[in-house]
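Data block below; observations after.
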Amino acid sequence: MQKRGCGIRTGIEYRERLSPSLWALVAAAVCGPMAALVFSPIDTTLALVIGLVVAVAVVAALVALSPVVEVSDGELRAGRAHIPVDLLGIPAGVVGDEARTARGSGLDRRAFHVIRGGIDGIVTVPVTDPEDPTPMWVVSTRTPDRLVAAIQRAQVRLRTPGR
Numbered sequence: 000m001q002k003r004g005c006g007i008r009t010g011i012e013y014r015e016r017l018s019p020s021l022w023a024l025v026a027a028a029v030c031g032p033m034a035a036l037v038f039s040p041i042d043t044t045l046a047l048v049i050g051l052v053v054a055v056a057v058v059a060a061l062v063a064l065s066p067v068v069e070v071s072d073g074e075l076r077a078g079r080a081h082i083p084v085d086l087l088g089i090p091a092g093v094v095g096d097e098a099r100t101a102r103g104s105g106l107d108r109r110a111f112h113v114i115r116g117g118i119d120g121i122v123t124v125p126v127t128d129p130e131d132p133t134p135m136w137v138v139s140t141r142t143p144d145r146l147v148a149a150i151q152r153a154q155v156r157l158r159t160p161g162r
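Now the structure itself:
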């Protein structure tokens, strides 16, 4: 468990924002000069201000709206979805060619997935709840080994409440 600055103990074991890559942010920032070009016949100063505002707004929106993967308080959260870790099986993290297969031809259409381009790692976690129609969760992550370890630690903590 971590301690926050105000002394509140939280159960966050892992947290990662799946923010866009640097190249995606640079490409999004190109919206600023395009907006400035539209307003340049009216007034160049206004065009520069609008271009700057549009570029900052688009980049800020891409970062702020990026999904978060988190293991906290006995739950795995991916984006807006969450599931208790006691309803999950043994997680597996993969990178490289195995991750490409897991994101592509090996992806079960019934699985819940939060996949982001530019992020190589994938963690697959089977769902053990017999009433859940989703067979597994497939989540992109930059550090699959850390996410797998956090899920396993949370599962152990639930099984051993004295810890």
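Residue numbers are given in numbering that gives the first Met the number 0: position 10 of the sequence shown equals residue 9, and the series is strictly consecutive. All residues carry an ideal CB built from backbone N, CA and C; glycine is no exception.
Exercise for review: Just the C-alpha distance for R8 and D72, rounded to the nearest angstrom, thanks.
Suggested key: What you label residue 8 is simply residue 9 of the sequence shown in a count that begins at 1. What you label residue 72 is simply residue 73 of the sequence shown in a count that begins at 1. Bear in mind that the predicted position of R8 carries a pLDDT of just 43, short of 50, making it unreliable; the figure below should be weighed with that in mind. If I take the Cα positions, the gap works out to 11 angstroms.
Check your understanding: When the Cβ atoms of the region 94-101 are set against those of the region 40-55, are three or more pairs found closer than 8 angstroms?
Key -> no
Practice item. Would you tell me roughly how many angstroms separate the C-alpha atoms of F38 and V57, rounded to the nearest one? Key: Reading the sequence shown from its first residue, position 39 is the one you call residue 38. Reading the sequence shown from its first residue, position 58 is the one you call residue 57. Rounded to whole angstroms, F38 to V57 spans 17 angstroms at the Cα level.
**Study point:** Beta-carbon proximity check, G103 vs P143, cutoff 9 angstroms
**Key:** Within the sequence shown, numbered from 1, the residue matching residue 103 stands at position 104. Within the sequence shown, numbered from 1, the residue matching residue 143 stands at position 144. Cβ distance not < 9 angstroms, so G103 and P143 don't count as in contact.
Review point. Opposite F111 in the DSSP bridges: which residues?
Key: As a first step, residue 111 is located in the sequence shown; it is residue number 112 there, counting from the start. Paired residues: W136.
Exercise for review: Could you say which of A27, I49 and S65 lies nearest to A34 if we only look at CA atoms?
Suggested key: The residue given as residue 34 occupies position 35 in the sequence shown. Comparing Cα-Cα distances from A34 to each of A27, I49 and S65, the minimum goes to I49.
**Study point:** Distance between A153 and V124 (C-alpha atoms, nearest Å)
**Key:** As a first step, residue 124 is located in the sequence shown; it is residue number 125 there, counting from the start. As a first step, residue 153 is located in the sequence shown; it is residue number 154 there, counting from the start. Looking at the two C-alpha atoms, the distance is approximately 13 angstroms.
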